[in-house]
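Report on one structure; see the data block that follows.
Residue numbers (our numbering), protein chains in the order written: chain A, 1 to 165; chain B, 1 to 490.
This is the structure we're talking about:
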């Protein structure tokens, strides 16, 4: 494959286009498996018609993505500028922490979850100023509970604190 | 006239005034905090305002929207970091003026021009919205389909680097809107046997995920960034003589901003940049631009704030959002049981005038709050990110959960947070997806009804001159880059 042909495609965008196409195929198939209704009942607008139109439109636009970098470069934009830097550990770690907090939130209940989030995230991100951290961990959750639970009446699941509250 | 008085008396109730001022305070705070944005704050506010009276809830959001645009200019001027994207152009001359030892003057010019721009657009709003609604009353499903397609095509130029990716995001938003039971046939679509999906994905967790949680992931990349601040003791209002010198710049920018705001999907950022460029083009002191020119501050500020009022015109009169923030206000209106569009203005005009009143109060509110609290707001940008963003996550979680007391919504929020983060990394903006999601129902309904009326003959739509007009606009909007190139060459 010669270089000029290779330069036509942006590698990352080609992968993105392939992922989008895979999703289009999956959703197209899912749309084909919608329950069927008689034409008379559907008034000639079957339930899969509109999703199909959208999937075709998305597909047609996606074809352009791998080559878009050429057009953008001409207008002085670099599509790769925002993604040149690798995603850092803190971001993946944050995603994992949020996932863990949400997984356990039903068991722990809202009160403990709020305290946990106020403690785990700043500590994971490296906040070392205890003069800030300790009041924050104690006072902010209490403020949230006061505003939302007590004043606004939002129901907080007690979780493991059931029986103590 | 009676409706105007009714609307204004609704908004002048004590509780509503307090909520509007609360919205202004949140708006200025959020605007001043880099990373936090008005759409994010509105998304977080929606679930908590759902139990409020609709007038109070929408007024609070409208006030937040107005004030958020101004709040961004505080940090743009004092730390050269626009708290919100519309303040990008303000930093170009605001920061140099502050560095030259006049931070109070820069803030004062920004505040006054924002208020004047806001009032200008509200005057246009009060006249244009009912007129537009009157025209739209004649619209049938075909015309609405044409209008919705035009609005979706405008997403191409909305924000971000790439028009193609914006359009894909918009279409994905419309596609997400198809999840759930199909209204015409009762068939379940894309529910994958998950009972919670039968009613479709609710707006709130999607909005919170895309605007708040994805931003949290972005901010986790720059937790240790340090900024320098210029100390501002107080905001200094410009003199009448100075305002007289700047009147044409303010007026021109207000006109530009209002017009840009009225266009579907074109927001305050585009207006601010155009306002700045035009201020420079018409200025007699072009060489002062970039060095602290007053025109370089009032130009973008009047434009970005007038765009906020302008964007409310298509939102309320047609049900087509004029910007990302108004898309969220539109979602809130729908959740409160309203049908935004001509019927809203014709059947409950007092409600529309109440929103107008709320925005008017908000404009004066942020001037007063800015005067009193400029020093404080310049400090909020220094709240450590490591403490600010866990708080945002807690608000996001409670907001998503409390809307329908469902953990499923919290999962939807997290999922869209992750999706939003990767979308943004690869040049796909969240705002077009949200607009697509909100417009989706209108697009499909009007499309289906048009097809039923015309017996599945798509070309019969072209018999309607208004539809043809919208299709021509759609074509022009999609081919804008081409026209721009041709004009530039010539």
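Note that CB positions come from ideal geometry on N, CA and C, so glycine has one too.
Everything numeric in this text was worked out from a predicted model, so none of it was measured.
Collapsed DSSP secondary structure at residue i in the structure displayed
| i | result |
| --- | --- |
| residue 189 of chain B | strand |
| residue 180 of chain B | strand |
| residue 120 of chain A | helix |
| residue 1 of chain B | coil |
| residue 33 of chain A | coil |
| residue 283 of chain B | coil |
| residue 52 of chain A | helix |
| residue 76 of chain A | coil |
| residue 455 of chain B | coil |
| residue 270 of chain B | helix |
| residue 125 of chain A | coil |
| residue 252 of chain B | helix |
| residue 84 of chain B | coil |
| residue 5 of chain A | helix |
Selected residue, minimal CA-CA separation from residue i, among the options
| i | options | result |
| --- | --- | --- |
| residue 326 of chain B | B/24, B/351 and B/262 | B/262 |
| residue 384 of chain B | A/99, A/156, A/157 and A/121 | A/121 |
| residue 322 of chain B | B/175, B/459 and B/152 | B/152 |
| residue 245 of chain B | B/299, B/448 and B/457 | B/299 |
| residue 175 of chain B | A/51, A/23, A/148 and A/67 | A/51 |
| residue 444 of chain B | B/273, B/376, B/171 and B/426 | B/171 |
| residue 427 of chain B | A/78, A/36, A/25 and A/115 | A/78 |
| residue 90 of chain B | B/289, B/398, B/406 and B/331 | B/289 |
| residue 456 of chain B | A/39, A/74 and A/150 | A/39 |
| residue 364 of chain B | B/66, B/5, B/15 and B/54 | B/66 |
| residue 392 of chain B | B/11, B/44, B/4 and B/27 | B/44 |
| residue 401 of chain B | A/95, A/57, A/100 and A/105 | A/105 |
Beta-carbon spacing of residue i, residue j below 7 Å
| i | j | result |
| --- | --- | --- |
| residue 91 of chain A | residue 221 of chain B | yes |
| residue 186 of chain B | residue 417 of chain B | no |
| residue 320 of chain B | residue 58 of chain B | no |
| residue 76 of chain B | residue 442 of chain B | no |
| residue 109 of chain A | residue 160 of chain A | yes |
| residue 264 of chain B | residue 137 of chain B | no |
| residue 310 of chain B | residue 249 of chain B | no |
| residue 317 of chain B | residue 271 of chain B | no |
| residue 63 of chain B | residue 117 of chain B | no |
| residue 150 of chain B | residue 474 of chain B | yes |
| residue 143 of chain A | residue 189 of chain B | no |
| residue 31 of chain B | residue 72 of chain B | yes |
| residue 430 of chain B | residue 420 of chain B | yes |
| residue 28 of chain A | residue 64 of chain A | no |
| residue 70 of chain B | residue 114 of chain B | yes |
| residue 130 of chain B | residue 446 of chain B | no |
| residue 315 of chain B | residue 85 of chain B | no |
| residue 164 of chain B | residue 61 of chain A | yes |
Straight-line gap, residue i to residue j (C-alpha atoms, nearest Å)
| i | j | result |
| --- | --- | --- |
| residue 155 of chain A | residue 484 of chain B | 54 Å |
| residue 19 of chain B | residue 297 of chain B | 30 Å |
| residue 17 of chain B | residue 163 of chain A | 41 Å |
| residue 127 of chain B | residue 345 of chain B | 12 Å |
| residue 74 of chain B | residue 294 of chain B | 15 Å |
| residue 7 of chain B | residue 132 of chain B | 19 Å |
| residue 329 of chain B | residue 339 of chain B | 12 Å |
| residue 291 of chain B | residue 98 of chain B | 10 Å |
| residue 16 of chain A | residue 449 of chain B | 35 Å |
| residue 470 of chain B | residue 68 of chain A | 27 Å |
| residue 181 of chain B | residue 53 of chain A | 18 Å |
| residue 472 of chain B | residue 168 of chain B | 21 Å |
| residue 38 of chain B | residue 81 of chain B | 16 Å |
| residue 379 of chain B | residue 371 of chain B | 15 Å |
| residue 119 of chain A | residue 218 of chain B | 20 Å |
| residue 47 of chain B | residue 303 of chain B | 31 Å |
| residue 29 of chain B | residue 47 of chain A | 45 Å |
| residue 73 of chain A | residue 79 of chain B | 31 Å |
| residue 198 of chain B | residue 253 of chain B | 47 Å |
Residue i: CB within 6 Å of a non-hydrogen atom of the ligand FMN
| i | result |
| --- | --- |
| residue 108 of chain A | You won't find the ligand FMN in this model; it holds no ligand whatsoever. |
Which residues of the stretch 443-466 of chain B have a Cβ closer than 7 Å to any Cβ of chain A? Give them in chain order. 444, 447, 448, 451, 452 and 456
Quick one: which residues of the stretch 376-410 of chain B get their C-beta closer than 9 Å to a C-beta of chain A? List them in chain order. 384, 385, 386, 387, 389, 390, 391, 393, 394, 395, 397, 398, 401, 402, 405, 407 and 410
Residues of the stretch 148-167 of chain B with Cβ closer than 8 Å to any Cβ of chain A, in chain order: 161, 162, 164, 165 and 167
Which residues of the stretch 164-193 of chain B have a Cβ closer than 9 Å to any Cβ of chain A? Give them in chain order. 164, 165, 167, 168, 171, 172, 174, 175, 178, 182, 184, 185, 186, 187, 188, 189, 190 and 192
Interface residues of the stretch 196-217 of chain B facing chain A [CB-CB below 8 Å]: 213, 216 and 217
Which residues, taken in chain order from the stretch 44-71 of chain B, show a beta carbon closer than 7 Å to some beta carbon of chain A? 48
Residues of the stretch 76-96 of chain A in Cβ contact with chain B at a cutoff of 7 Å, in chain order, please. 77, 79, 82, 83, 88, 90, 91, 94 and 95
Which residues of the stretch 425-438 of chain B have a Cβ closer than 8 Å to any Cβ of chain A? Give them in chain order. 425, 426 and 427
What residues from the stretch 29-47 of chain A come within 9 Å of chain B, judged by C-beta to C-beta, listed N to C? 30, 31, 34, 35, 36, 37, 41, 42, 43, 44, 45, 46 and 47
Could you please tell me which residues of the stretch 46-70 of chain A, in chain order, have their CB closer than 7 Å to any CB of chain B? 47, 50, 51, 54, 57, 58, 61, 62, 64, 65 and 68
Please list the residues of the stretch 7-23 of chain B that have a C-beta atom closer than 8 Å to any C-beta atom in chain A, keeping them in chain order. none
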